[in-house]
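Colleague:
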Amino acid sequence: MLSGCEVKGERVVTVPNRDSLLITGAEDAEGLLEVAEATMAGLKAPRPVDGRALRLTADGWRPFLPEPGSPSRSLLENLAFASRVRGYQEQTERLRRQHEKEGSQLYVAGYVPEQDAKGRFFGQTLWFNDGETLLPRADVILFMDTSLGPDAPPVASVRWDLVVRDAGTMLMPEPGLYPERYRVRGFPSKELLQRWKSDPTAMDVP
396 MLSGCEVKGE
406 RVVTVPNRDS
416 LLITGAEDAE
426 GLLEVAEATM
436 AGLKAPRPVD
446 GRALRLTADG
456 WRPFLPEPGS
466 PSRSLLENLA
476 FASRVRGYQE
486 QTERLRRQHE
496 KEGSQLYVAG
506 YVPEQDAKGR
516 FFGQTLWFND
526 GETLLPRADV
536 ILFMDTSLGP
546 DAPPVASVRW
556 DLVVRDAGTM
566 LMPEPGLYPE
576 RYRVRGFPSK
586 ELLQRWKSDP
596 TAMDVP
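Using our numbering, the first residue of the sequence shown is number 396, and each one after it goes up by one.
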């Protein structure tokens with residue numbers, strides 16, 4: 396089906412529901428906008444699937460966003476984010492039911508959508524200092540010290556890539572899960588938390 400479609404540039408597709416496959420080209424600004432708008436409408440139909448755009452490359456299908464300034468950029472970003480939120484919400488509920496049934500003490504952290512002052516969406520999650528947790532791949536991690544009480548603010552808020560860079564074996568990929576999750580063991584030292592907090596880019600989001 397895809398091989399017979401002539402498009403401008405590499406093929407880009409979305410699958411907003413089980414009855415729809417939308418195709419355009421990565422270099423077709425008008426086509427990308429039409430696909431983005433049709434995807435948004437298609438997600439409201441019965442049996443929604445996903446709003447993320449995928450591009451066919453030499454290495455297979457990869458997530459796709461057009462260049463900044465493209466008419467479809469913000470809409471495709473928002474569609475991808477909404478799909479990520481929905482995927483993690485469904486996974487969180489499923490894993491929590493499974494672990495409750497099994498009597499597991501492993502905590503499944505949620506993916507919390509947020510919006511910054513510029514209107515950009517990003518995801519947060521909570522890393523507690525007691526017990527093991529399965530974290531979603533969020534943009535920002537809020538570190539929570541339960542000894543400070545249930546209403547205490549985070550002891551640090553740090554963007555994901557800084558944590559991954561320094562956390563070592565405290566944060567390891569959990570195999571077999573999609574969307575991806577990471578198992579956390581332990582809690583960063585006060586020195587490491589302070590180092591992150593001292594970084595002026597610690598809360599920068601994509």
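Where is the CB? At the ideal position from N, CA and C, for every residue including glycine.
(1) Provide the residue span of the beta strand (DSSP E) that contains M435, from first to last.
(2) Nearest to P570 by CA position, among S593, R578 and L490, is which residue?
(3) Going by beta carbon distance, what residues of the same chain come within less than 6 Å of F476, once the five residues before and after it are set aside?
(4) Considering only the alpha carbon of each residue, which of S467, P531, N412 and V559 lies closest to P441?
(5) Just checking my contact of A504 with L530 at CB under 8 Å: how many whole Å lie between their CB atoms?
(6) Which residues mark the beginning and the end of the alpha helix (DSSP H) in which T541 is found?
(7) May I ask you to report which of helix, strand or coil DSSP gives M389?
(8) DSSP on S342, reduced to helix/strand/coil?
(9) In the DSSP assignment, find the unbroken alpha helix (DSSP H) run with S552 in it and report its ends.
(10) What are the complete beta strand (DSSP E) segments, minimum 3 residues, inside the stretch 511-536?
(11) Could you tell me the boundaries of the beta strand (DSSP E) in which R457 lies?
(12) What residues are listed by DSSP as bridge partners for E509?
(13) L449 by DSSP, collapsed to three states: which one?
(14) From K403 to L490, what distance separates their C-alpha atoms?
(15) Taking R580 as part of the alpha helix (DSSP H), name the residues at either end of that continuous run.
Modeller: Here's the rundown:
(1) Careful: M435 lies outside any beta strand (DSSP E), inside the alpha helix (DSSP H) at A424 to G437.
(2) R578
(3) F516
(4) N412
(5) 5 Å
(6) No alpha helix (DSSP H) holds T541; DSSP gives it neither H nor E.
(7) The structure shown does not extend to residue 389, since the chain is modelled only from 396 to 601, so the question has no answer here.
(8) The shown model of the chain, from 396 to 601, leaves out residue 342, and the question about it has no answer.
(9) S552 -> not in any alpha helix (DSSP H); beta strand (DSSP E) instead, spanning A551 to R554.
(10) 516-523 and 528-531
(11) G455 to P458
(12) F517
(13) strand
(14) 42 Å
(15) Neither: R580 is in no alpha helix (DSSP H) and is coded neither H nor E.
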